Amino acid sequence: MNLIFTGPQGSGKGTQSIRVARKLKLCHISSGDMLRNVKGRLKIKINNIMDKGNLVPDNLIFKILKEKLLDSKCKNGFILDGFPRNINQAKALRKIVNIDKVIEIVISDKEALERISGRRICVKCGAIYNINNSRPKTGNICVKCGGKLISRKDDNIKSIKKRLEIYHKETEGIFTIFNSIKINGEKSADIVFKSIIKNLI
Ligand code: ADP
10 MNLIFTGPQG SGKGTQSIRV ARKLKLCHIS SGDMLRNVKG RLKIKINNIM DKGNLVPDNL
70 IFKILKEKLL DSKCKNGFIL DGFPRNINQA KALRKIVNID KVIEIVISDK EALERISGRR
130 ICVKCGAIYN INNSRPKTGN ICVKCGGKLI SRKDDNIKSI KKRLEIYHKE TEGIFTIFNS
190 IKINGEKSAD IVFKSIIKNL I
C-alpha cells in the first residue's frame, strides 16, 4: 500500500505517519527529514531555503526522494510525509509509482500557528512534543531517549506563516490530481490515529 499523508504544518502528519507506518509495516518517508539530513555542500543552500519557510526546488527534492521510493526495503509500501507539495511534484510522482490513498489531516490556521509555536523536537531520536499541551515531565529532555529538546529553526512565526501560505496556494493544488480522505486533525492524537486506520483497512 502506497500512501500520501498531507495537511498544514502542525496537523500531526509527522506523528501520525510514523505511527501508521509502524502499525502497517510501511516505510515512513519524510521529505523534511531527508532534507534536514543532507550532508556536504548542498546543506547550507537547503538550510537557507528551509529556514525561511520556502520550498526547495522540485528537481532537488525529487532526486533525493526517488531512490528511496524505489528501494526494495519499501516493497511493502510507503507513507510519504511532506511530499508532494505542489502539482509539479504530484505529476512527477504519479509517473514513477502508484498511489493508493491520500490522507489529508485538516486543522485551522489558528490551531496550526498555536501548535507549531509550541513544537519541540528531540535532537537525538526525533520525537515530537508540544509544550503548550503536553510538556514532558523531564522539562527540556526527551522522555524516550534522554536527548535534548529544541525548537526547529524554521518554527518561527514568520516562517510558519509563509509555510501555511504555500500550503494553501500550492500544496492544496495536489487535490486536483489525487482525491483525499479528509481526517479531522483537531481531535486527540489517539482519535486521529484510529480514524486514519479505519479508513485504511
Ligand atoms: P512542515 O510540514 O512543518 O513544514 P517538514 O519537515 O515537512 O515540516 O518540511 C520542512 C521544510 O522542508 C519545508 O518548509 C520545505 O522548505 C522543505 N520541504 C519539505 N518537503 C518538501 C517538498 N516536497 N518540496 C520542497 N520542499 C520541501
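Taking the working numbering, the leading residue of the sequence shown gets 10, the next gets one more, and so forth. For every residue, glycine included, the Cβ atom is placed at its ideal position computed from N, Cα and C. Being a predicted model, the structure only gives us computed values, none of them experimental.
Worksheet item: When the Cα atoms are used, what is the spatial distance from G127 to N208?
Response: By one-based count along the sequence shown, residue 127 stands at place 118. By one-based count along the sequence shown, residue 208 stands at place 199. Rounded to the nearest angstrom, the two C-alpha atoms are 29 Å apart.
Practice prompt. Compare the C-beta of E113 against all C-beta atoms of chain C and say whether one is closer than 8 Å.
Written response: The structure shown has no chain C; it contains just one protein chain.
Practice prompt. Compare the C-alpha of S81 against each of N141, E181 and L35 and name the closest.
Written response: Here residue 81 corresponds to residue number 72 of the sequence shown, with the count starting at 1. Of the listed residues, the one whose Cα sits closest to S81 is L35.
Discussion item. According to DSSP, is R124 part of a helix, a strand, or is it coil?
Written reply: Here residue 124 is taken as the residue at index 115 of the sequence shown, counted from 1. The answer is helix: DSSP assigns R124 an H, G or I state.
Worksheet entry | Residues that V115 bridges to, as DSSP identifies them | Looking up residue 115 in the sequence shown gives position 106. Beta-bridge pairing links V115 to N193.
Discussion item. Taking a contact to mean a Cβ-Cβ separation below 8 Å, would you say I112 touches I38 in this structure?
Written reply: The residue you call residue 112 lines up with position 103 of the sequence shown. The residue you call residue 38 lines up with position 29 of the sequence shown. Contact flag unset, no.
Item to complete: Just grab the DSSP bridge partners of K110 for me.
Response: Position 101 of the sequence shown, counting from 1, holds the residue named residue 110. K110 is bridged to L12.
Item to complete: Compute the distance between the beta-carbons of I96 and I183, then report whether it is under 8 Å.
Response: As a position in the sequence shown, residue 96 is number 87, starting the count at 1. As a position in the sequence shown, residue 183 is number 174, starting the count at 1. Yes; because the gap between Cβ atoms is below 8 Å, this pair is in contact.
Discussion item. Please report the straight-line C-alpha distance between S20 and R50, rounded to a whole angstrom.
Written reply: Working through the sequence shown from its first residue, we reach residue 20 at position 11. Working through the sequence shown from its first residue, we reach residue 50 at position 41. Roughly 32 Å between the two C-alpha positions.
Fill in: Where the beta strand (DSSP E) through S39 begins and ends
Your numbering for residue 39 matches position 30 in the sequence shown. Here the beta strand (DSSP E) through S39 covers C36 to S39.
Worksheet item: For L64, is the beta carbon positioned less than 7 Å from some heavy atom of the ligand ADP?
Response: Here the question's residue 64 lines up with position 55 in the sequence shown. Yes, the Cβ of L64 comes within 7 Å of a heavy atom of the ligand ADP.
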